[in-house]
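Have a look at the structure below, then the notes.
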Amino acid sequence: MAFAKNYAFFVLILFPCSLHVVHALNYAMFSSGDGNFKLHWTYSNNKLLFNMTCKATGWCAVGFTENPGGRGMVNYDIAAGGVDGNTSYLEDYWSNTTGQPPKDAVNNFQLVEAMEMGGYTSVKFERNLTTGEANLDVQFTMNTEVYIVWAMHPTDDADPTASNLSPYHGNTNRGRTTNKRNLIAEAMAAAMTPTTTTMMMPFTSLVSTPQPTDPNDNDSLTTQVE
């Protein structure tokens, strides 16, 4: 009589598959043609949350205006911030004409954090959609469309205690979008855009492998009689 035994063991096999995952904080974004300015934003709980990045170690600013054409610094609602030494800052300005924008008496932008690294300045901040200052702030609604404007100073920080935004950014460190943008609609669309995530899905297989015959072993899982 010969005895043979089989050992059963499990093999875990991983198969890649693509899943569509919706992330709540996907950001809408805008980038200048040269890539020196980038703005990411999202919308949550009646607030707009922004992250602006400038290729600069001085102040970095973004503005919004509903004024037709977006030119002449007319009705610009401006947030300017940066890092001066170890101190982060963000101030609110409103302009009606060209020149150094005067500071808004009420700062309706809330600084989250700012950092400077590798020649870039990044400022995260948020703002309520409406502020109660219709003559000094853009009031955002579901239908509000604005031009996005930006400027930066390559090396010098703004003085948060000054009554206006200075020093001057120069003739080239600025720009604006060619078309109006609906920030809320774009943020909502970005939040619903699925991103493809590759995951390894497990598949377990039961494999039985025969082992050499052992005539003295009667504890085999299967027994074959010859």
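Quick note, the sequence shown lines up with residues -24 to -1, 1 to 202 if you use mature numbering (1 follows the signal peptide of the UniProt record, and there is no 0).
C-beta: ideal position from N, C-alpha, C; glycine also.
- Note on geometry: alpha-carbon atoms of Ser7 and Thr97 lie some 15 Å from one another.
- Every beta strand (DSSP E) stretch that sits fully inside the region 78 to 117 and reaches 3 residues is listed by chain position as 85 to 93, 96 to 104.
- In the structure shown, Ala4 adopts extended strand secondary structure according to DSSP, grouped into three states.
- The count of Cβ pairs closer than 8 Å, one atom from the region 82 to 98 and one from the region 154 to 164, stays below three, leaving the stretches out of contact.
- Just so you know, the alpha carbons of Gly11 and Met168 end up roughly 25 Å apart.
- Annotated as proximal: Trp70 and Leu112, with beta-carbon spacing under 7 Å.
- Trp35 sits close to Asp133, with the two beta carbons spaced by under 7 Å.
- A Cβ-Cβ distance of about 16 Å is found for the pair Thr148 and Thr33, leaving them out of contact under the 8 Å criterion.
- With a 10 Å radius around the Cβ and a threshold of 16 neighbouring Cβ atoms, Gly45 comes out exposed.
- Taking 3 residues as the minimum length, the beta strand (DSSP E) runs contained wholly in the region 7 to 37 are 13 to 20, 23 to 30, in order along the chain.
- In this model, Asp60 and Arg103 are separated by some 22 Å (Cα to Cα).
- As computed with DSSP, Thr63 is found in a beta bridge with Asp60.
- Nearest to Ala55 by alpha-carbon distance, out of Asp80, Asn62, Gly48, is Asp80.
- Going by DSSP, Met128 is part of the beta strand (DSSP E) stretching over 123 to 128.
- Following the DSSP letters along the chain, one finds Leu159 inside the alpha helix (DSSP H) bounded by residues 159 to 167.
- The Cβ atoms of Phe40 and Val114 lie closer than 7 Å to each other.
- The C-beta distance from Asn72 to Val50 rounds to 6 Å, short enough to meet the 8 Å contact threshold.
- Going by DSSP, Arg150 is part of the beta strand (DSSP E) stretching over 150 to 152.
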